[in-house]
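Residues in the sequence shown are numbered from 488 upward in steps of one, following my numbering.
Glycine residues also receive a C-beta, built at the ideal position from the N, C-alpha and C atoms.
Quantities reported herein were computed from a predicted structural model and do not represent experimental measurements.
Encoded as structure tokens, the structure appears first; notes follow it.
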Amino acid sequence: MIKLNWTVFVSQTGSEVEAICRELGIVPSLLITNNPKKLKESVTFFLKENGCKVRSIPFNPTVEHYLDRDILGSNVITLHGYLRILPGEMLVRYSPKLVYNGHPGLISYYPELKGKDPQERAWMGNYPTVGSVIHVVTPGVDEGEIVRFDAVKNTATSLDNMYEILRETSLKSWIKFLKENIFKLELTK
Numbered sequence: 488m489i490k491l492n493w494t495v496f497v498s499q500t501g502s503e504v505e506a507i508c509r510e511l512g513i514v515p516s517l518l519i520t521n522n523p524k525k526l527k528e529s530v531t532f533f534l535k536e537n538g539c540k541v542r543s544i545p546f547n548p549t550v551e552h553y554l555d556r557d558i559l560g561s562n563v564i565t566l567h568g569y570l571r572i573l574p575g576e577m578l579v580r581y582s583p584k585l586v587y588n589g590h591p592g593l594i595s596y597y598p599e600l601k602g603k604d605p606q607e608r609a610w611m612g613n614y615p616t617v618g619s620v621i622h623v624v625t626p627g628v629d630e631g632e633i634v635r636f637d638a639v640k641n642t643a644t645s646l647d648n649m650y651e652i653l654r655e656t657s658l659k660s661w662i663k664f665l666k667e668n669i670f671k672l673e674l675t676k
């Protein structure tokens, strides 16, 4: 595994991050979780075994939690199911570096899917096409420039199936995006 100067934020299991790392042979230098009880032990073990620091912050962090030297020293920050909005003060201090969020709603086609629970709204709306986007993080929720999107025909047979389809689409989007942009991630010495 190649360790990159890359920080990831998660509020869920971290499985997407592990799958990305295994597929691309890379590992972040730092994983931040605000929900350590949800983070899978196997993910924590895999990341630590490959040199990644794993750190917990409160579920409702303050601005100071984000202004950590290790976080601000990263070349790239990615959000994977992180259920908090990054404070503008952090984004300003981090500029001009790059912060990206994965969003499981095809806001490039359907802007109304911005915000919380786009999977449920896509299911309820029976959208003909579903997918995921990766966008630059800005102070506005899901307002940043979309840098990648992947769309598929909606074949969901249940809400759970919609979640599965969008989880897979998101994973593929991240793998393609990172593979295409890996040169932007400076190797950690």
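Three-state secondary structure assigned by DSSP to residue i
i, result
"Ala-638", "strand"
"Asn-521", "coil"
"Pro-615", "coil"
"Arg-556", "helix"
"Pro-515", "strand"
"Arg-608", "helix"
"Ser-502", "helix"
"Met-488", "coil"
"Leu-570", "coil"
"Pro-598", "helix"
"Glu-630", "coil"
"Thr-675", "Any reading at Thr-675 needs caution, since the residue's pLDDT is 47, under 50, leaving its predicted position unreliable; the model's value is listed next. Residue state, collapsed to three classes: coil."
Bridge-paired residues (DSSP) for residue i
i, result
"Arg-509", "Answer is none; Arg-509 lacks a bridge partner."
"Ile-621", "Gly-589 and Arg-635"
"Trp-493", "Val-563"
The alpha helix (DSSP H) enclosing residue i, as first and last residue numbers
i, result
"Phe-532", "528-536"
"Phe-664", "646-668"
"Leu-578", "575-581"
Terminal residues of the beta strand (DSSP E) in which residue i lies
i, result
"Val-541", "540-543"
Inset, instruction - Indicate whether the contact test is met: 3 or more Cβ pairs, each with one atom in the segment 621-636 and one in the segment 587-604, closer than 8 Å. - result: yes
Inset, instruction - Specify whether the segment 528-537 and the segment 556-576 touch according to this definition: at least 3 beta carbon pairs, one from each stretch, less than 8 Å apart. - result: no
Legend entry - the segment 517-525 in contact with the segment 541-553 per 3-pair CB rule at 8 Å: yes
Inset, instruction - Would you check if there are 3 or more beta carbon pairs closer than 8 Å linking the segment 599-614 to the segment 626-637? - result: yes
Legend entry - Segment contact flag, the segment 656-668 with the segment 510-518, C-beta cutoff 8 Å, min 3 pairs: yes
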